[in-house]
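Report on the following structure.
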Amino acid sequence: MLRLAAIDLGAESGRVFLGTFDGERLSVEEIHRFPNVPVRVQGTLYWDILRLFEGVREGLLRAARVSGGRIASVGVDTWGVDFALLDRQGRLIGNPVHYRDRRTEGMMERVFQRIPREEIYRRTGIQFMPINTLYQLFAMVAREDPWLEIAHTFLTIPDLFHYWLSGVKACEFTNATTTQCYDPLAGDWARDLLGRLGIPTHLFPEIVPPGTILGPLQPELAQELGLPETQVVAPASHDTGSAVAAVPFQHPDAAYISSGTWSLVGVEVRAPVIREEALADNFTNEGGVGGTFRLLKNVMGLWLLQECRRTWTAQGQQWDYEALVRLAEAAPPLRSLIDPDDPRFLPPGEMPARIQAFCQETGQPIPEEPAEIVRCILESLALKYRWVIERLEALLARPIPLIHVVGGGSRNALLCQWTADAAGRPVLAGPAEATALGNLIVQAMALGHLSNLEEARAVIRRSFAPLLYEPRASSTWEEAYQRFVTQILPAGRK
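494 is the number that UniProt numbering gives the last residue of the sequence shown; the numbers go up by one with no jumps.
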């Protein structure tokens, strides 16, 4: 039995998993879960990174007890775009700033004054979002942030945890590609582009591929945890990279939706698709496992529901997610719709009021009750998924016959069924823990227990059976989609 530990840090919580691989099937057990609560100090929103590392340490301690100290390796995956800066002695310079902080407001436009948008896309192949690392770094340049003056090393968030675990400073490929600071055609940081923006290029370390063995746990930590022989492996350290590695594809042309706080809607390709058509629809090309790329688009995802629930909880209305979905199912269908990617929905705050304002501005009935608001969110997500998939079909000049939904959102039966209905395609849902599973199978590949990505996905198919949602033909969904495209999306509102 091969025992592996996967650390998966998400926007709401961190989790430590213990995976067991018997050579045929992979099982996974959640060992420890801990909250991930950002902290706002003097107007800046930070990640509480040291508290997160304490959660990681506690989780590994528990995993060591369960396994009797026999864990072959450990790897970390997290969200993308955010980063840490270290000084010349390897010490952390302040808490990393949260991507939902407002420091990047207006920064894309200022960057475009120095480097044309088209040139940035041609060099990086990454979609334009104000949260991207490139604009976070430029915001520091624009404000003459003293952190940049004393910084010696740039690490993305999972790279920081790998450094604290192993002592090795390196950036893993799948996460490096999300920064919009990486040139996939050159295979290195886009140093000249960064230099033109005044971003210090000496900060950026070596880039290593997913499945790199970084080295053993640092001796003091290994002794403390009772893990004397555990290696630290860089998996696909971007959480979507890990999730897509675990998609049990049943058709080579299938699409995937990695559904969680964000919904990542895309396909797997062998090379970046960097063309004018991809730029026009703002598609991104992020690194994958085994020489693949993830051609995808970010959709705001279940963040909308999470923020609504947070608001209602503060008002004394206590609902879990399952109860909210049940309420939505009984609400009137396809009455009010939103564009999930409207910029007003990005920051934390009063999400129900923002959704109501969007509906009022677009001349729709205003959803008043939580049931109506949740239904509006889920139906709008399903319609946005269809829009993205149709854009992918046009970009690749081939049909997409099937959709795989993985991640936590695959447990939401209503959203999966409505996605099938809206898109007119079958949906295969699961595995729910795709991110942790992808993390684990890349570790197994690094240690020589699996030879390639296809063999690893065969293990996933043997180990986890997906749920099938067949599309139900309905003129109501088709009418709603036409209204969504012509009235709700930005082009239709102009």
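Yeah, the Cβ is synthetic: ideal placement off N, Cα and C, and Gly gets one too. Model, not experiment: these values are computed from the prediction.
Keeping to the same chain, check which residues put their C-beta closer than 6 Å to that of N439; ignore five residues upstream and five downstream. On the sequence shown, residue 439 is found 439 positions in, with the first residue counted as 1. Here the set comprises A6, G75, D77, P235 and S242.
Once the 5 residues before and after R411 are set aside, which same chain residues still bring their CB inside 6 Å of it? Residue numbering aside, residue 411 sits at position 411 when the sequence shown is read from its first letter. If we look at R411 and ignore the five residues flanking it on each side, its Cβ neighbours are A432.
Would you mind listing the beta strand (DSSP E) stretches within the segment 222 to 252 that are 3+ residues and don't spill past its ends, in chain order? 231 to 234
Between which two residues does the beta strand (DSSP E) holding K169 run? If you number the sequence shown from 1, residue 169 lands on position 169. Premise fails: K169 is in no beta strand (DSSP E) and is neither H nor E.
Rounded to the nearest angstrom, how far is the Cβ of S73 from that of L447, given a contact under 8 Å? Locating residue 73 in the sequence shown gives position 73, where the first residue counts as 1. Locating residue 447 in the sequence shown gives position 447, where the first residue counts as 1. Right, the Cβ-Cβ distance comes to about 6 Å (below 8 Å), so this counts as a contact.
Quick one: what does DSSP say L450 is sitting in, helix, strand or coil? The residue labelled residue 450 in the question sits at position 450 within the sequence shown. Three-state DSSP puts L450 in coil, outside helix and strand.
Same chain only: Cβ atoms within 7 Å of residue 517, ignoring 5 sequence neighbours per side: Absent from the structure is residue 517, since the part of the chain shown begins at 1 and ends at 494.
Run the CB neighbour count on P35, radius 10 Å, all protein chains shown included, and call it buried at 16 or more, exposed below. On the sequence shown, residue 35 is found 35 positions in, with the first residue counted as 1. It is exposed - the Cβ of P35 has fewer than 16 other Cβ atoms within 10 Å.
Which residue marks the beginning of the alpha helix (DSSP H) containing Y99, and which one marks its end? As a position in the sequence shown, residue 99 is number 99, starting the count at 1. Segment: none, Y99 is in no alpha helix (DSSP H) and carries neither H nor E.
Applying the 10 Å Cβ sphere with the 16-neighbour rule, what's the burial state of H202? In the sequence shown, the residue the question calls residue 202 occupies position 202. Burial call: exposed.
Give me the Cα-Cα distance between S259 and H238, rounded to the nearest whole angstrom. Translated into positions along the sequence shown, residue 259 becomes position 259. Translated into positions along the sequence shown, residue 238 becomes position 238. Between S259 and H238, the C-alpha separation is close to 14 Å.
Spatial distance of I389 from L327 (CA atoms): If you number the sequence shown from 1, residue 389 lands on position 389. If you number the sequence shown from 1, residue 327 lands on position 327. In a straight line, the C-alpha of I389 is about 28 Å away from that of L327.
Inter-residue Cα distance where the pair is L155 and R294: Translated into the one-based positions of the sequence shown, residue 155 becomes position 155. Translated into the one-based positions of the sequence shown, residue 294 becomes position 294. Spanning the two alpha carbons is a distance of roughly 22 Å.
Tell me which residues share the same chain as L383 and place their Cβ nearer than 6 Å to its Cβ, disregarding the 5 neighbours each side in the sequence. Counting from 1 along the sequence shown, the entry for residue 383 is found at position 383. Around L383: A422, Y481 and F484.
Buried or exposed for D159, please, with buried defined as at least 16 other CB atoms from any protein chain shown within 10 angstroms of its CB. Here residue 159 corresponds to residue number 159 of the sequence shown, with the count starting at 1. When all chains shown are included, D159 counts as buried.
Roughly how many angstroms lie between the CA atoms of V442 and A353, to the nearest whole one? In the sequence shown, residue 442 corresponds to position 442, counting from 1. In the sequence shown, residue 353 corresponds to position 353, counting from 1. Cα-Cα distance, rounded: 42 Å.
Would V406 and A246 be called neighbours here (beta carbons separated by less than 8 Å)? Position 406 of the sequence shown holds residue 406. Position 246 of the sequence shown holds residue 246. In contact: V406 and A246 (Cβ atoms closer than 8 Å).
In terms of residues, what are the limits of the beta strand (DSSP E) holding F128? Residue 128 sits at position 128 when you count from the first residue of the sequence shown. Counting along the chain, F128 falls outside any beta strand (DSSP E), and DSSP gives it neither H nor E.
Grouping DSSP H, G and I as helix and E and B as strand, with all else coil, what is V56? By 1-based counting over the sequence shown, the position of residue 56 is 56. Residue state, collapsed to three classes: helix.
Does the count of Cβ pairs from the segment 206 to 220 and the segment 163 to 175 closer than 8 Å reach three? yes
Distance, R275 Cα to L264 Cα: Here residue 264 corresponds to residue number 264 of the sequence shown, with the count starting at 1. Here residue 275 corresponds to residue number 275 of the sequence shown, with the count starting at 1. Each residue's alpha carbon lies about 20 Å from the other.
Of the listed residues N132, Q417 and D281, nearest to T179 (C-alpha basis): For the purposes of this step, residue 179 is taken as the residue at position 179 of the sequence shown. T179 has its Cα closest to that of N132, out of N132, Q417 and D281.
Taking the alpha-carbon of T230 as reference, which of G287, L165, I338 and E206 has the nearest alpha-carbon? As a first step, residue 230 is located in the sequence shown; it is residue number 230 there, counting from the start. Out of G287, L165, I338 and E206, L165 has the C-alpha closest to the C-alpha of T230.
Between C359, A371, T419 and T311, which has its C-alpha nearest A323's C-alpha? Translated into positions along the sequence shown, residue 323 becomes position 323. Closest by alpha carbon: A371.
Does the distance from the CB of V244 to the CB of G288 come in under 8 Å? Here the question's residue 244 lines up with position 244 in the sequence shown. Here the question's residue 288 lines up with position 288 in the sequence shown. Yes; because the gap between Cβ atoms is below 8 Å, this pair is in contact.
From the DSSP secondary-structure annotation, give me the bridge partner or partners of Y321. The count along the sequence shown starts at 1 and reaches residue 321 at position 321. Answer by DSSP bridge pairing: none, since Y321 is not bridged.
Does the count of Cβ pairs from the segment 41 to 59 and the segment 135 to 151 closer than 8 Å reach three? Because the criterion of three Cβ pairs below 8 Å is not met, the segment 41 to 59 and the segment 135 to 151 do not touch.
Short of 7 Å in beta carbon distance, which residues of its chain neighbour V66, apart from the five on each side in sequence? Order them along the chain. As a first step, residue 66 is located in the sequence shown; it is residue number 66 there, counting from the start. Once the five neighbours on either side are set aside, the close Cβ partners of V66 are L18 and I31.
DSSP state of W477, grouped into three classes? Taking the sequence shown and counting its residues from 1, one reaches residue 477 at position 477. It is helical.
Please classify Q127 as buried or exposed, where buried requires at least 16 other C-beta atoms within 10 Å of its C-beta. As a first step, residue 127 is located in the sequence shown; it is residue number 127 there, counting from the start. With 16 or more other Cβ atoms within 10 Å, it is buried.
With a Cβ-Cβ cutoff of 8 Å, do P84 and I157 count as a contact? As a position in the sequence shown, residue 84 is number 84, starting the count at 1. As a position in the sequence shown, residue 157 is number 157, starting the count at 1. In the sequence under discussion, the amino acid at residue 84 is Ala, which differs from the Pro named in the question. For the pair A84 and I157, the CB atoms are nearer than the 8 Å cut-off.
Distance between T419 and Y469 (C-alpha atoms, nearest Å): Working through the sequence shown from its first residue, we reach residue 469 at position 469. Working through the sequence shown from its first residue, we reach residue 419 at position 419. Roughly 9 Å between the two C-alpha positions.
Am I right that R123 and L193 are in contact with their C-beta atoms under 8 Å? What's the rounded C-beta distance? Position 123 of the sequence shown holds residue 123. Position 193 of the sequence shown holds residue 193. Cβ-Cβ separation between R123 and L193: approximately 6 Å, consistent with a contact (criterion under 8 Å).
Could you tell me the alpha carbon to alpha carbon distance between S336 and I366, rounded to whole angstroms? Here residue 336 refers to the residue found at position 336 of the sequence shown. Here residue 366 refers to the residue found at position 366 of the sequence shown. Between S336 and I366, the C-alpha separation is close to 7 Å.
Buried versus exposed call for L428 [16 or more other C-beta atoms within 10 Å across all chains shown]: The count along the sequence shown starts at 1 and reaches residue 428 at position 428. Flag for L428 reads buried.
Can you tell which of R88, V273 and A176 has the C-alpha that lies nearest to the C-alpha of E206? Numbered from 1 along the sequence shown, position 206 holds the residue referred to as residue 206. Of the candidates R88, V273 and A176, the one whose C-alpha sits nearest the C-alpha of E206 is A176.
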